[in-house]
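Numbering (full-length UniProt numbering), first residue to last: 1 to 329. Built from N, CA and C at the ideal position, the CB exists for glycine as well. Note that the structure is a prediction, hence the values are computed from the model and not measured. Beneath this line is the structure, given in C-alpha cells, with notes to follow.
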C-alpha cells in the first residue's frame, strides 16, 4: 500500500509499504480521508514533540483519518465490514491507504450516511479533542467562555461550548482571518491581541458580556508579543473561574502563579476516561449529522498524499490563511 512514512527529522517519504495485518482484536479500515493536525503533526515532523521518543522513526505519519471497515478480527463485536467510522486517538498510521485499529483502546464513532469522510477525518479533534476539553471544563448553561487562540482547536471548542449551553463566546487571536471565521461560526465578539492592549480587551469584554467563567487555552504556541498569553487568561477569568489547558507546546509560557491562588482559579488539563470519550465523539458525530456542528466549514485545503510536506510548510508559514487541510487518500 502507499503511505507517507516519517523516516527521520523532516524526512517524509511517500512509498509502497507492506499492508498491515488485522489481528483478532482489531479491525482494518480503508482510509478515505485524512487530515493534518496543525499543531502536533508539525511538531512531530520537526522533531520537537514531547511524544517523539514514544513514536520513534520510522512510522506512518499522521493521526487524523476516517474510513470504511474492510476486515474484522474474529474477537470483535459491534463492528462490521462496511461500517464507516471516525475515531480518537491513534498517534500514527493516518496517511496511508489502510490503517489498523484496536477498538478496545479507541473511541470509535460510526458515521451516519449524511456525514462525509471529510468530516469524519476531522472528528478526531472536533469530537475527541474539543468535546473532551469542553465537557471537562465544568461548563454550565449561561456561562461566558473565551478561547485563547482560534486555530481549529479553538474554533471547535467555541462551537462545542455554544452547543453545550454557553451564553457568550469570546475569541482572541493574532489573525483577522481566524477571527472572522469565529464570528461566522457563532462567536459573540472577537479581539485581535496585536491591535489592542490587554486592558482594552478586558474592559471591552466586561462591557459587552460581563465576567468570563471559563477560558480555553487553545493557542498551542504562545505567539503573543511578550509570551504572556497564560497570564492574560488568569487576568481575564473571573474569581473562582476555570482555565482549561487544551494544547501543549515545548515552549515555556510566561506565567505568574500567584494570581491563580489570589483569584482561586482552577487551572486544569484534560484527561476524561475512554468511556467518556466514546460518548462524546458519538455525540459530536450526531451533531454533525443534524447539521448543528458545521465542522466542514473549517476545511480550507484539499491535497494529495504526495503534498503533505508542502501543506505542513503552508500551515507554518501561512497561519493567517489555513485552517484544516484534508488529505485525499
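The closest CA to that of residue 88, considering only 148, 203, 273, 60, is found on 273.
Counting only the Cα atoms, residue 160 lies some 16 Å from residue 243.
Note on geometry: alpha-carbon atoms of residue 68 and residue 231 lie some 45 Å from one another.
By the CB criterion at 8 Å, residue 171 and residue 143 fall outside the cutoff. Cβ contact annotation for residue 75 (same chain, cutoff 7 Å, sequence separation greater than five): 24, 25, in chain order.
Its Cα nearest to that of residue 311, the residue 34 stands out among 22, 1, 19, 34. Residue 153 and residue 220 do touch by the CB rule: their CB atoms are close to 7 Å apart, below 8 Å. Counting C-beta atoms within 10 angstroms of its own C-beta, residue 40 has 16 or more neighbours from the protein chains shown and is therefore classed as buried. Residue 95 counts as buried, since at least 16 other C-beta atoms from the protein chains shown sit within 10 angstroms of its C-beta.
Note that the segment 272 to 288 touches the segment 96 to 115; at least 3 beta-carbon pairs, one per stretch, sit closer than 8 Å.
Residues of the same chain with a CB within less than 6 Å of the CB of residue 9, apart from the 5 flanking positions on each side, are 47 in chain order. A straight-line Cα-Cα distance of about 17 Å links residue 138 and residue 263.
Contact check for residue 325 and residue 125: beta-carbon distance about 12 Å, past the 8 Å limit, so the pair fails to qualify. Here the C-alpha atom of residue 136 lies approximately 9 Å from the C-alpha atom of residue 268. Per DSSP, reduced to three states, the secondary structure at residue 284 is helical.
When C-alpha distances from residue 85 are compared across 70, 92, 91, the shortest belongs to 70.
Residue environment analysis places residue 61 among the buried positions, since at least 16 neighbouring C-beta atoms fall within 10 angstroms of its C-beta. Boundaries cannot be given for residue 195, as no alpha helix (DSSP H) includes it and DSSP labels it neither H nor E. DSSP, read as helix, strand or coil, puts residue 156 in helix. Excluding five sequence positions before and after residue 118, the CB atoms of its chain that fall closer than 7 Å to its own CB belong to 33, 296, 299, 326, given in chain order. For residue 292, the number of other beta carbons within 10 angstroms of its own is below 16, and it is reported as exposed. Between residue 308 and residue 12, the C-beta spacing is below 8 Å. Counting only the Cα atoms, residue 81 lies some 51 Å from residue 194.
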